[in-house]
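Trainee: Residue numbers for the sequence shown follow this note's numbering, beginning at 37 and rising by one.
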Amino acid sequence: MNGLYLYDPIQPELLYLHRVTTYKLETSYHRHDAYEIYLFLRGNVNFYIENRCYHLEPGDLLVISPEEMHRSFIMDESEYERITINLKKSYLQRLSTTATNLSACFDYRPKGKGNIVHLHDCQMKQFLQLAEELEYALASDAYGMDIKINATIAQLLVLINQSFHDTTFIPTDIMPEIVRQTMDYVEANITQEITLPKLAETFYLNSTYISRQFKKHTGLTLRSYILNRRIELARYYLSDGMSITDACFQSGFSDYANFIRSFTKVAGISPGRFVKQKRSPAELFFSFENDTPKKNRPADGYNAYAQHERINTKMMNNKQASFLEDSFDTSAIILLEP
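1. Apply the 10 Å Cβ neighbour rule to Y74 and answer buried if 16 or more other Cβ atoms are within range, or exposed otherwise.
2. Less than 8 Å between the beta carbons of L263 and S247, yes or no?
3. With DSSP as the reference, label S156 as helix, strand or coil.
4. Give a yes or no on contact between the region 277-296 and the region 305-314, applying the rule of three or more CB pairs nearer than 8 Å.
5. If we count the other Cβ atoms within 10 Å of its Cβ and call it buried at 16 or more, is H54 buried or exposed?
6. Taking only three categories from DSSP, how would you classify L123?
7. Check whether the region 106-117 and the region 78-96 touch, using three or more Cβ-Cβ pairs below 8 Å as the test.
8. If the criterion is Cβ atoms closer than 8 Å, does the pair L241 and I280 meet it?
9. Quick check on the burial criterion: 16 or more other C-beta atoms within 10 angstroms. Buried or exposed for L98?
10. Which partner residues does N82 have in the DSSP bridge list?
11. In angstroms, rounded to a whole number, what distance separates the CA positions of T134 and A140?
12. Our contact map puts Y127 next to L195 with C-beta atoms below 8 Å; I'd like the distance itself, whole angstroms only.
13. Quick one: complete alpha helix (DSSP H) runs, 4+ long, within the region 222-298?
14. Beta strand (DSSP E) containing I100: first to last residue?
15. Might you give, ordered along the chain, the residues of its own chain that have their beta carbon closer than 7 Å to the beta carbon of L155, omitting 5 neighbours on each side?
16. Hey, out of Q165, S64 and T57, whose CA is closest to F250's CA?
17. Go ahead and pull the three-state DSSP assignment for F142.
What follows is the structure in structure tokens.
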């Protein structure tokens with residue numbers, strides 16, 4: 037894919053996607069500004085979350101919080117089918133009660149851990165039935181469909197939370213050790229200068245080998261990954277009320293002007309505007325680093341969005357298909373083969 041793809045903005049409070057990809061796809065690490073529910077149905081896929089990697093089996097269910105970097109990697113050209121549901125935090129808060137926190141499966145676990153469970157046949161049947169009901173409700177403008185949508189989402193989240201609470205499933209982590217060690221080193225030294233020579237000295241390995249392995253398994257250069265982590269940290273500090281100057285240096289930047297340029301380039305908005313929008317009810321959106329024109333988003337006021345469209349991805353070239361797959365500006369559709 038082109039550009040530094042780090043943030044994936046989701047405008048609706050609820051975004052449902054049922055997709056079938058028929059080409060070999062490789063995405064870079066990224067994250068959304070919403071919770072994500074991901075059900076794997078078929079294909080040959082490795083899924084990366086933070087410093088872990090899993091080879092998925094049909095029935096694997098993943099939950100991903102907005103803070104968790106992740107990516108999918110299709111191993112071959114077999115059809116890759118999955119259902120993803122993205123939910124804004126504010127939406128889950130409204131659906132939850134004092135007795136039932138529906139976001140528990142996202143929030144009450146360490147970052148990058150406890151993300152995956154395997155659904156048994158009965159759970160899988162329940163999930164697919166609820167997903168079908170949700171898909172129908174989202175496509176309908178009949179009376180009471182908003183109530184139906186909320187009720188179905190609540191049922192799905194109860195099922196998901198129960199599945200994670202009751203599971204004894206232990207997934208096999210296949211992330212190469214050098215990639216995990218590199219990520220851990222970055223996390224531990226994010227406010228310090230991090231260079232390939234330092235990593236090579238730390239791990240007693242060739243710097244070129246480290247760089248190539250990291251890019252192979254994350255889709256990002258080490259420099260891009262470090263930059264993203266620093267911008268993520270700066271966003272956290274700014275959201276918590278820290279001044280722009282302090283956020284700059286506390287997140288590992290040594291030059292204020294470079295921080296402003298980098299933040300604006302990666303996040304699609306200046307730190308000053310970010311602070312102002314975080315203090316207002318307006319939604320904050322991010323964009324790509326490259327100059328790819330934006331597509332139209334759903335109209336303001338939508339709180340749920342799903343659109344049916346048949347696309348033969350075999351007729352696309354890899355660049356077109358990759359852009360469609362990666363961009364939420366254009367992927368608010370259900371991708372199916374004719």
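The beta carbon of each residue, even a glycine, is placed where N, CA and C say it ideally should be.
Mentor: The answer reads as follows:
1. buried
2. no
3. For clarity, residue 156 is His in the given sequence; the question names Ser instead. Note: H156 maps to coil in three-state DSSP.
4. yes
5. buried
6. strand
7. yes
8. no
9. buried
10. H91 and F109
11. 12 Å
12. Not really, about 17 Å apart at Cβ, beyond 8 Å.
13. 232-239, 243-254, 258-275 and 280-286
14. D96 to I100
15. G95, L97, F163 and S199
16. S64
17. helix
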